[in-house]
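Engineer:
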Ligand code: C2E
Ligand code: MG
Ligand code: MG
Ligand code: MG
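Residue numbers (our numbering): 968 to 1244.
#1: Indicate, with yes or no, if ligand 1 has a heavy atom lying under 7 Å from the CB of residue 1219.
#2: How would you call residue 1016, buried or exposed, if buried means at least 16 neighbouring beta carbons within 10 angstroms?
#3: Give the straight-line distance between the Cα atoms of residue 968 and residue 984, rounded to the nearest whole angstrom.
#4: Taking all protein chains shown into account, decide if residue 1157 is buried (16 or more other Cβ within 10 angstroms of its Cβ) or exposed.
#5: In chain order, what residues of the same chain lie with their CB nearer than 6 Å to the CB of residue 1065, ignoring the 5 residues before and after it?
#6: Please check the pair residue 1143 and residue 1164, which I expect to be a contact at CB under 8 Å, by giving their CB distance rounded to whole angstroms.
#7: In whole angstroms, what separates the C-alpha of residue 993 from that of residue 1181?
#8: Taking only three categories from DSSP, how would you classify residue 1009?
#9: Could you tell me which of 1018, 1031, 1012, 1013 sits nearest to residue 1005, measuring between CA atoms?
#10: Check the C-beta distance from residue 1162 over to residue 1197 and give it rounded, since I have them as a contact under 8 Å.
#11: Per DSSP, what kind of secondary structure is residue 1167 in: helix, strand or coil?
#12: Taking residue 1112 as the reference, which of 1152, 1225, 1106 has the closest Cα?
#13: Is the beta carbon of residue 1193 sitting closer than 8 Å to the one on residue 1185?
#14: According to DSSP, which residues form a beta bridge with residue 1041?
#15: Nearest-angstrom Cα distance between residue 1081 and residue 1134?
#16: Classify residue 982: buried if its beta carbon has 16 or more other beta carbons within 10 angstroms, exposed otherwise.
#17: In whole angstroms, what separates the C-alpha of residue 1054 from that of residue 1174?
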C-alpha cells in the first residue's frame, strides 16, 4: 500500500508474465512429447562391498529446440500437472530398458517413477512391455519412488507395487529422510533399497547426522533393504559412508550423469575407478 498503486500493477504484470511463460512451456512440452525431444543421462552407482558399478540411474533431459538442454527440475512437475508424464514416463521406461539391455553383466538401471504415473492405469503394462521389448531381465530394472507415491495412502498403489514386485522388478525408496514421516513408509512396503537423501550425506561429518545415517543403515539391514548414499561429492565423505555401513554410493565423486556414449567410455575405465574408490 505504502508503495502506491504502481506496485500493485507491477505485481499483476509479473503474475501474467509468469502465467504466459508457463503456458508457453506447456505448449512446448506437448510438442516435445510428440516430437521426442527427450534423452536420458545415466548416473552410475558404485557397490562398496564388491567394488564395481552396480547400476545406473536414468535421469531425463529435454533437448529444447531454442533453449538447449533443460533439466527435469524445470519440467517434471509441469508434466505431472498436465498429465503428459504418462506418455513421457512410458518412453523413459522403454528407452532406459533398451539402453540397459546393452550394458555388461548384471548392471541394473533405475528409473524414477512419479506419483501421477501410479494414479493412472497403464504403469504395470508399460513396465511389462518395456521389459518384453528390450529383453531386459526384470531384476535388472529398479523403480525409484518417493514418499509422495505412498502419501496417497491408497491400497491401490500398494497393490500395484506388489504386482510390480511380482514381475521381478525391484523397488527403491528415493530421497529418504526428507519427508514429514519417512519412517512410517517403511512399514507399508518392503523396499529392496533405501536411498539416503544427499542433504544427509552433505553433512555426514556432523555427529548428529552420522548417528542418523547409522540408524537408517541398521534399520535397512533389519528390513532387508540395501542402503545407497546419494550425492557423495567429496573424497572426505567416502570413509564416513563406508564406515556407517552403506552398501552403495552415488554422486559427483564417482560420476555426474552421463550421456549413453560417455557412459560406455566410463564403463570401459571402471575397473581402475572401482579400485580407486
Ligand atoms: P533424484 O531421483 O533424487 O535424482 C538425483 C538428482 O541429484 C539428479 O538431478 C542428479 O543429477 C543429482 N545429483 C547426483 N549426484 C549428485 C551430487 O553428488 N551432488 C549434487 N548436488 N547433485 C547430485 P536431476 O537429474 O536434475 O534430477 C532431479 C530430480 O528430477 C530427480 O531426483 C527426480 O526426482 C526427477 N527426475 C529425473 N529424471 C526423472 C524421470 O525420468 N522421471 C521422473 N518422474 N522424475 C525424474
Ligand atoms: Mg532418483
Ligand atoms: Mg534421489
Ligand atoms: Mg530427488
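All residues carry an ideal CB built from backbone N, CA and C; glycine is no exception.
All figures in this text were calculated on a predicted structure; none of them were measured in a lab.
Structural biologist: Taking the structure as given:
#1: Ligand 1 has a heavy atom closer than 7 Å to the beta-carbon of residue 1219.
#2: So residue 1016 counts as exposed.
#3: Summary for residue 968: the model assigns pLDDT 49, below 50, so the residue's position carries little reliability, and this model does not support an answer.
#4: The residue in question, residue 1157, is exposed, as its Cβ has fewer than 16 Cβ neighbours within 10 Å.
#5: Around residue 1065, the same chain offers 1101 as residues with beta carbons nearer than 6 Å, after the five sequence neighbours per side are excluded.
#6: Contact holds; Cβ gap of about 6 Å.
#7: Cα to Cα, residue 993 sits roughly 43 Å from residue 1181.
#8: In this structure, residue 1009 counts as strand in the three-state DSSP scheme.
#9: Ranking the options by Cα distance to residue 1005, first place goes to 1031.
#10: Sure, about 5 Å apart at Cβ, within 8 Å.
#11: DSSP places residue 1167 in helix when its eight states are reduced to three.
#12: Checked all of 1152, 1225, 1106; the closest Cα to residue 1112 is 1152.
#13: Not closer than 8 Å, so no.
#14: Listed as beta-bridge partners of residue 1041 by DSSP are no residues whatsoever.
#15: Cα to Cα, the separation comes out at about 19 Å.
#16: So residue 982 ends up on the exposed side.
#17: Approximately 45 Å, taken between the alpha carbons.
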